[in-house]
Amino acid sequence: MKGKSPRLTLDAYERGVRGRDRAVLARAITLIESRHESDAGLAQELLGRLLPATGHAHRVGITGVPGVGKSTFVDAMGMFLVGRGHRVAVLAIDPSSTLSGGSILGDKTRMARLSLEPRAFIRPSPSGATPGGIARRTRETMLLCEAAGFDVVFVETVGVGQGETAVADMVDFFLVLALPGSGDELQGIKKGVLELADAIAVNKSDGEGANRARMALGDLKAALRYLPRKRASWLPRALAISGLTGAGLQELWAVVEEHRATLTTTGELAALRSEQQRAWMWSLIVERLERNFRTNPRVAARLPAVEADVVGGRTTPTAAAETLLAEMGFGHGE
Ligand SMILES: Nc1nc2c(ncn2[C@@H]2O[C@H](COP(=O)(O)OP(=O)(O)OP(=O)(O)O)[C@@H](O)[C@H]2O)c(=O)[nH]1
Ligand SMILES: [Mg+2]
Numbered sequence: 339m340k341g342k343s344p345r346l347t348l349d350a351y352e353r354g355v356r357g358r359d360r361a362v363l364a365r366a367i368t369l370i371e372s373r374h375e376s377d378a379g380l381a382q383e384l385l386g387r388l389l390p391a392t393g394h395a396h397r398v399g400i401t402g403v404p405g406v407g408k409s410t411f412v413d414a415m416g417m418f419l420v421g422r423g424h425r426v427a428v429l430a431i432d433p434s435s436t437l438s439g440g441s442i443l444g445d446k447t448r449m450a451r452l453s454l455e456p457r458a459f460i461r462p463s464p465s466g467a468t469p470g471g472i473a474r475r476t477r478e479t480m481l482l483c484e485a486a487g488f489d490v491v492f493v494e495t496v497g498v499g500q501g502e503t504a505v506a507d508m509v510d511f512f513l514v515l516a517l518p519g520s521g522d523e524l525q526g527i528k529k530g531v532l533e534l535a536d537a538i539a540v541n542k543s544d545g546e547g548a549n550r551a552r553m554a555l556g557d558l559k560a561a562l563r564y565l566p567r568k569r570a571s572w573l574p575r576a577l578a579i580s581g582l583t584g585a586g587l588q589e590l591w592a593v594v595e596e597h598r599a600t601l602t603t604t605g606e607l608a609a610l611r612s613e614q615q616r617a618w619m620w621s622l623i624v625e626r627l628e629r630n631f632r633t634n635p636r637v638a639a640r641l642p643a644v645e646a647d648v649v650g651g652r653t654t655p656t657a658a659a660e661t662l663l664a665e666m667g668f669g670h671g672e
């Protein structure tokens, strides 16, 4: 990867993104991801200008354990949608990757067709230092993609860690990919993740897996009836798919469209968008507070020792938090 490319002007970013110039879009995302204080103002100004051009896309979150077939699925689904006239953006959050991390390459080879497709755009979302940071950058990247004319945005996250809730908070439709297997294996999907799902797709439903997928589907449908409903108007669906053969993809997209139509009719989509705006505001606040906290010189001076004391069991987390917050003037009981 080359060194820092020079920044464009605000007008050039805006014109390029609106003009669907993918190279400018990529540079605008880099600007959004920048941790330099000097870029933050420009980034927020650009977002402000582009905001009216956002909000029209299908925002679809996808999660599943490593190896479940997310990349293969997104490649196949993306190509299917491009074939139907959509423009597809894929944001992949990889907790193990950094900006120049190696897994990016791996994903591009798994999305061999989509990565060559001019009407698609694939961008890995590097994990930041904080969950709030991931959420902010991914959300803002999604908005840039929408302003650049992408009408389907997939946000992919590996089904480990806390990423799922952050992603579920910023999308309209949350898809959980599962593996065909016994009931035991299905229980391997974290319950908390199941509760976020608008649909569960049992992937690899092909060849020898087809029968097992059908059995898994029965278990899932039963399980879904007992889970608390995310929303009254929508019972989460379970279906069998194969990213490899493309089986079930058309049906799955029909479910996404039905979900959209339902939520539009009930007014829930509008409410969801308002909620997403609120979550965005909070991720900005929390991220800024955390950054100010960590970069506060008094806190920074004491943080390593205090943290070591907590790890070493010499002080309690509560006492340590109080000590550090007091350095910022956040006393107790105000
Ligand atoms: N039989 C079958 N194999 C599949 C299918 N989808 C993916 N695979 C295989 O499963 C393996 C993992 O697929 P990936 O698409 O890389 O899975 P992933 O979920 O993106 O994995 P991570 O990026 O590591 O989290 C690969 O060997 C794929 O060829 C499918 O629908 N059917
Ligand atoms: Mg993958």
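According to the working numbering, the sequence shown is numbered sequentially starting from 339.
Note that the Cβ used here is the ideal one computed from N, Cα and C, for glycine as well.
Because the structure is a prediction, the values reported are computed rather than measured.
- In this structure, DSSP gives T392 a state outside helix and strand, which the three-state scheme calls coil.
- Distances from the alpha-carbon of F512 to those of I400, G407 and L482 put I400 closest.
- An exposed status is given to Y564, since fewer than 16 other beta-carbon atoms sit within 10 Å of its beta-carbon.
- Between ligand 1 and the CB of G399, the shortest heavy atom gap is not smaller than 6 Å.
- Residue L558 holds the alpha-carbon nearest to the alpha-carbon of A535 among L389, L558 and R552.
- For I623, the enclosing alpha helix (DSSP H) covers residues E606 to T633.
- A distance below 7 Å separates the beta carbons of T600 and S571.
- Just measuring C-alpha positions, the residue of S580, E613 and R425 sitting nearest E546 is S580.
- By the criterion of at least three beta-carbon pairs nearer than 8 Å, the region 583-592 is not in contact with the region 604-620.
- In the displayed model, V637 falls within a helix according to three-state DSSP.
- The region 450-466 makes contact with the region 399-416, as at least three CB pairs between them are under 8 Å.
- In terms of side-chain proximity, the C-beta atom of K542 is found no nearer than 6 Å to any non-hydrogen atom of ligand 2.
- In the structure shown, E546 adopts coil according to DSSP, grouped into three states.
- Look at S409: its beta carbon is less than 6 Å from one of the heavy atoms in ligand 2.
- By the Cβ-count criterion, S409 is buried, with 16 or more other Cβ atoms from all chains shown falling within 10 Å of its own Cβ.
- Annotation for L513: the continuous beta strand (DSSP E) segment containing it runs F511 to A516.
- With contacts defined as CB atoms closer than 7 Å, A551 and L577 fail to qualify as a contacting pair.
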